[in-house]
Each structure stands twice: as structure tokens, then as C-alpha cells.
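Accompanying notes for the structure given below.
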Amino acid sequence: MTGKKDSLRPELRVAIEAAQEKQAAEVTLLDLEGLGAFTDYFLLCTGFSARQVDAICDEIEQQLARIGIRLTHREGAAGAEWILLDFGSFIVHVFTERARHYYDLERLWRAASRTDFAEPGAAEAGG
1 MTGKKDSLRP ELRVAIEAAQ EKQAAEVTLL DLEGLGAFTD YFLLCTGFSA
51 RQVDAICDEI EQQLARIGIR LTHREGAAGA EWILLDFGSF IVHVFTERAR
101 HYYDLERLWR AASRTDFAEP GAAEAGG
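Numbering (the working numbering), first residue to last: 1 to 127.
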């Protein structure tokens with residue numbers, strides 16, 4: 001997993017690690033460059049409750065601010081099942097499980113290159 005993250009732009013790496021710090025599941029990066037999209041990347045992740053979705057969003061926003069990356073727009077109020085964080089060159093989508101499967105952005109953007117990041121500790125748990 002580290003090898004995948006090492007090749008990414010620093011702000012994407014920080015966002016992924018922040019999401020994982022708050023136990024986000026199904027962390028997926030969609031590379032939209034060259035697809036005529038309005039942004040370069042979508043970072044998708046899942047929280048198991050509205051409270052966890054909020055915590056993931058807050059952690060991502062705080063960690064990116066520490067490296068000088070500011071949020072340009074946020075959609076979705078606290079307690080929402082889907083919150084969108086727009087950082088300009090990439091957009092973070094944090095869903096509850098139900099909303100993630102309902103909206104299925106991976107299917108809508110199936111032409112995008114996809115990278116999945118396992119939850120920290122998943123490799124150790126398998127043995």
C-alpha cells in the first residue's frame with residue numbers, strides 16, 4: 001500500500017492517510033485526468049455512520065490545511081450521508097455505506113483509472 005501512495009501527489013497522499021487515520025473503508029482514488037472532467041481526481045471513502053463521515057471529513061480538511069491546501073467548497077451538512085470536499089484539483093467524496101452503493105460513482109466514472117487502498121492492518125489480519 002505504501003508503494004501506491006508514494007507515487008501520488010503529496011496532497012492526495014495526505015488526504016488518503018487522513019481518511020485511513022479515521023478508519024475510513026473502501027478508500028479509492030479515481031484518476032480523471034484526460035477524461036474531460038472538471039477535476040483531476042476523485043477520492044472516495046466510506047464511513048459506517050454519519051458521525052464517522054463527519055470525522056473523516058474534518059481530519060482530511062485539517063491535515064490538508066497543515067500543508068497549505070485549502071478547501072474551496074464543501075457540500076453536505078454535518079450528519080449527511082454524503083459530504084463532498086472540493087480542493088480544486090481533486091474532490092473528496094465521503095459516504096455512508098448506503099449512499100456509496102446507491103450513487104456508485106465508480107460505475108459512473110468507470111473510464112477512470114482506479115486505485116484501491118486497503119485499510120491499514122488489513123494485510124496483518126489476513127494471516
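Cβ atoms here follow ideal geometry from the backbone N, Cα and C, with glycine treated the same way.
Treat the numbers as computed from the prediction; the structure is a model and nothing was measured.
In terms of residues, what are the limits of the beta strand (DSSP E) holding ILE16? Locating residue 16 in the sequence shown gives position 16, where the first residue counts as 1. Looking at the DSSP string, ILE16 is not in any beta strand (DSSP E); the run it does join, the alpha helix (DSSP H), is 10–21.
Of the residues LYS22, ALA24, GLU21 and LEU30, the one placed nearest ARG107, counting alpha carbons only: Residue numbering aside, residue 107 sits at position 107 when the sequence shown is read from its first letter. Looking at the Cα atoms, LEU30 is the closest of the given residues.
Grouping DSSP H, G and I as helix and E and B as strand, with all else coil, what is ALA112? Here residue 112 is taken as the residue at index 112 of the sequence shown, counted from 1. In the structure shown, ALA112 sits in coil (DSSP, three-state: anything other than H, G, I, E or B).
Around the Cβ of ALA125, are there at least 16 other Cβ atoms within 10 angstroms (buried) or fewer (exposed)? Counted from its first residue, the sequence shown places residue 125 at position 125. Here the model assigns ALA125 a pLDDT of 41, short of 50, so the residue's position is not dependable and the matter cannot be decided.
Through-space distance from GLN23 to GLN62, alpha-carbon basis: One-based indexing of the sequence shown puts residue 62 at position 62. One-based indexing of the sequence shown puts residue 23 at position 23. GLN62 and GLN23: Cα-Cα distance of roughly 16 Å.
Where the alpha helix (DSSP H) containing ALA60 begins and where it ends: Residue numbering aside, residue 60 sits at position 60 when the sequence shown is read from its first letter. Sequence check: residue 60 is Ile here, not Ala. From DSSP, the alpha helix (DSSP H) with ILE60 extends over 50–66.
Alpha carbon to alpha carbon, how far is CYS57 from ILE83? Give it in angstroms, no decimals. Here residue 83 refers to the residue found at position 83 when the sequence shown is read from its first residue. Here residue 57 refers to the residue found at position 57 when the sequence shown is read from its first residue. In a straight line, the C-alpha of ILE83 is about 8 Å away from that of CYS57.
Using DSSP with H/G/I as helix, E/B as strand and the rest coil, what is ARG70? Locating residue 70 in the sequence shown gives position 70, counting from the first residue. Three-state result, ARG70: coil.
Quick check: what's the CA-CA separation for ALA25 versus GLY47? Mapped onto the sequence shown, residue 25 falls at position 25. Mapped onto the sequence shown, residue 47 falls at position 47. About 6 Å.
Whole-angstrom Cβ separation of GLU59 and ALA18, contact assumed at under 8 Å? What you label residue 59 is simply residue 59 of the sequence shown in a count that begins at 1. What you label residue 18 is simply residue 18 of the sequence shown in a count that begins at 1. Sure, about 5 Å apart at Cβ, within 8 Å.
Residues bridged to HIS101 by DSSP? Along the sequence shown, read from residue 1 onward, the residue named residue 101 stands at position 101. HIS101 has no beta-bridge partner at all, per DSSP.
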